[in-house]
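Novice:
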Amino acid sequence: MYIRGISLSEDLSSALGLMKDHTCIRELALPDTPLMLWDVELLTRSLPLLSDLHCMTAGLGLLIDDIGLDNYAAHMCSLSNPARKRFRCWRFGFAEMADNFLGPVQCVLSVALMCPNFTHVAVCNRVRGRFMLLMEQTIESDGFKQHAPRLRQLLK
């Protein structure tokens, strides 16, 4: 399914609610919508058959203020459920001149902890090298290193 015209992630829940039988969606493209981590969590929970997501990354961010970094990975793993087992691939482009990849990298790794079969992230070619290098470094950081073997699947 291809959805245009949703420019804010807050509109995503209401848009899904208006669709008849939205739970059968397997592939979703949201070219105009900057998604946050909790939006991806909502999508993987609300769309039990979702396997592929296409979006842009502006606005992707990680808010871990309430969760200590030491407990972060365990918390994200605890959000895993059977509906998220189908989610496997996330393709995204970057908003113009995006230079800060840390938020999107942390978000991708967080989704990988929530979705056990998420093994493929596709990033636009012009930034892929820098993005993948930062992802490799972030996997070794305190918040993620205990799950490094699982998360390294995304680097292939």
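The letter at position 141 of the sequence shown is residue 141 when you use the UniProt record's numbering, and the numbering goes up by one with no holes. Virtual Cβ for every residue (Gly too), placed ideally from N, Cα, C. Predicted, not measured: the structure shown is a model, and the values here were computed from it.
Go through the region 19–51 residue by residue and report every complete run of the alpha helix (DSSP H) that reaches 4 residues or more, in order.
Specialist: 37–46
Novice: For the putative contact between L12 and T33, defined by C-beta atoms under 8 Å, what is the C-beta separation to the nearest angstrom?
Specialist: Reading the sequence shown from its first residue, position 12 is the one you call residue 12. Reading the sequence shown from its first residue, position 33 is the one you call residue 33. 7 Å between Cβ atoms; contact.
Novice: Assuming contact is defined by CB atoms lying nearer than 8 Å, are R84 and T44 in contact in what I supplied?
Specialist: Looking up residue 84 in the sequence shown gives position 84. Looking up residue 44 in the sequence shown gives position 44. Going by C-beta atoms, R84 is nearer than 8 Å to T44.
Novice: Which residue or residues does DSSP assign as beta-bridge partners of H120?
Specialist: Taking the first residue of the sequence shown as 1, we reach residue 120 at position 120. The partner list for H120 (beta bridge, DSSP) reads C89.
Novice: Measuring CB to CB, does F118 end up less than 8 Å from R91?
Specialist: As a working mapping, residue 118 is identified with position 118 in the sequence shown. As a working mapping, residue 91 is identified with position 91 in the sequence shown. Not a contact, by the Cβ cut-off of 8 Å.
Novice: If you follow the alpha helix (DSSP H) that R130 is in, where does it begin and where does it stop?
Specialist: By one-based count along the sequence shown, residue 130 stands at place 130. In the DSSP assignment, R130 falls within the unbroken alpha helix (DSSP H) covering N125 to I139.
Novice: Residues in the same chain with beta-carbon distance under 7 Å from M132, minus the five sequence neighbours each way, listed in chain order, please.
Specialist: Working through the sequence shown from its first residue, we reach residue 132 at position 132. These residues qualify, in order along the chain: L155.
Novice: With a threshold of 16 other CB atoms inside 10 Å of the CB of A73, please say whether the residue is buried or exposed.
Specialist: Numbered from its first residue, the sequence shown carries residue 73 at position 73. Answer is buried; the Cβ neighbour count reaches 16.
Novice: How about S46 and M76: are their beta carbons less than 8 Å apart?
Specialist: Numbered from its first residue, the sequence shown carries residue 46 at position 46. Numbered from its first residue, the sequence shown carries residue 76 at position 76. No.
Novice: Find the nearest neighbour of N81 within the set V105, L53, P116 and G93, judged by alpha-carbon distance.
Specialist: Sequence index remark: in the sequence shown, residue 81 carries index 81 (1-based). Of V105, L53, P116 and G93, the residue nearest in Cα terms is P116.
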